[in-house]
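In UniProt numbering, the protein residues as written are 1 to 169.
Encoded structure:
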């Protein structure tokens, strides 16, 4: 258990398949001071194992709402963008985050870590009214009402994320 998980980012990922067909993920995170931590977990698939390991690091109540993969470039060496939507079960706030990498599993880990970082910051008292895209550093999409049927779809050409509030828009 890490006392202060703030400032940690994705570092590395290793996967191993077991005889019972479970996948084991070893996820490494690092901070700017060079401190590294590793967490491992199993799952029925690679993404589940990766997310379970990340859940151990953050130790907070998060529910995965959606998971989407987009190819950002063409060809066999394409960059993949993974978009995840998670719910902070403590506050029912919805967060969206993106991860970008040539490896879709690494992009998945990056997106899920980013989403959990938003939840962590909210749990620490942060308020998100305007957001910044983590992929292109442009403006994000602001506050949305999670109970509204008007909720925006992900833009196809943007890696941005927005924070959704359980309250009114």
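For every residue, glycine included, the Cβ atom is placed at its ideal position computed from N, Cα and C.
Measure the alpha-carbon distance for residue 81 versus residue 19 and round it to whole angstroms. The count along the chain shown starts at 1 and reaches residue 81 at position 81. The count along the chain shown starts at 1 and reaches residue 19 at position 19. When only Cα atoms are considered, residue 81 and residue 19 end up about 31 angstroms apart.
So, for residue 14: in the same chain, excluding its five sequence neighbours on each side, which residues have a beta-carbon less than 6 angstroms away from its beta-carbon? To locate residue 14, count along the chain shown from 1; it is residue 14. Cβ-Cβ distances below 6 angstroms link residue 14 to 26 in the same chain, with the five nearest sequence neighbours on each side left out; the list follows chain order.
Length of the line joining the Cα atoms of residue 78 and residue 67: Position 78 of the chain shown, counted from the start, is the residue given in the question as residue 78. Position 67 of the chain shown, counted from the start, is the residue given in the question as residue 67. One C-alpha to the other measures close to 19 angstroms.
So what's residue 76 in DSSP terms, helix, strand or just coil? By 1-based counting over the chain shown, the position of residue 76 is 76. Coil at residue 76, not helix or strand.
For a test of the three-state rule: what should DSSP assign to residue 88, helix, strand or coil? As a position in the chain shown, residue 88 is number 88, starting the count at 1. DSSP places residue 88 in strand when its eight states are reduced to three.
Spatial neighbours of residue 52 within its chain, please: CB distance less than 6 angstroms, with the 5 preceding and 5 following residues excluded, ordered by chain position. Along the chain shown, one-based indexing puts residue 52 at 52. Correct list, in chain order: 41 and 43.
According to DSSP, simplified to helix, strand and coil, what is residue 35? Locating residue 35 in the chain shown gives position 35, counting from the first residue. Reduced to three states, the DSSP call for residue 35 is coil.
Start-to-end residues for the beta strand (DSSP E) that takes in residue 101: For the purposes of this step, residue 101 is taken as residue 101 along the chain shown, with counting starting at 1. Start and end: 93-101.
Over the uninterrupted alpha helix (DSSP H) stretch that includes residue 46, give me the two end residues. Residue mapping note: residue 46 aligns to position 46 of the chain shown, counting from 1. Annotation for residue 46: the continuous alpha helix (DSSP H) segment containing it runs 46-58.
Please state if the CB of residue 100 and the CB of residue 109 are separated by a distance shorter than 9 angstroms. Against the chain shown, residue 109 aligns to sequence position 109. Against the chain shown, residue 100 aligns to sequence position 100. Residue 109 is not a Cβ neighbour of residue 100, given a cutoff of 9 angstroms.
Distance, Cα to Cα, residue 69 vs residue 87? The count along the chain shown starts at 1 and reaches residue 69 at position 69. The count along the chain shown starts at 1 and reaches residue 87 at position 87. Taking the Cα positions, residue 69 is about 19 angstroms away from residue 87.
Cβ shell of residue 147 (< 6 angstroms), same chain only, five flanking positions each side left out: Within the chain shown, residue 147 is the residue found at index 147, counting from 1. Reliability fails at residue 147, whose pLDDT of 36 lies under 50, so the model's placement of it is uncertain and the value that follows must be treated cautiously. Taking C-beta separations shorter than 6 angstroms and ignoring five residues to either side along the sequence, residue 147 has no partners in its chain.
Taking 7 angstroms as the limit between beta carbons, can you name the residues of its chain near residue 71, skipping five residues before and five after? Taking the first residue of the chain shown as 1, we reach residue 71 at position 71. Result list for residue 71: 78 and 80, in chain order.
Per DSSP, what kind of secondary structure is residue 6 in: helix, strand or coil? To locate residue 6, count along the chain shown from 1; it is residue 6. Reduced to three states, the DSSP call for residue 6 is coil.
Please name the residue, chosen from 111, 120 and 124, that lies closest to residue 47 on a Cα-to-Cα basis. Counting from 1 along the chain shown, the entry for residue 47 is found at position 47. Nearest option by C-alpha distance: 111.
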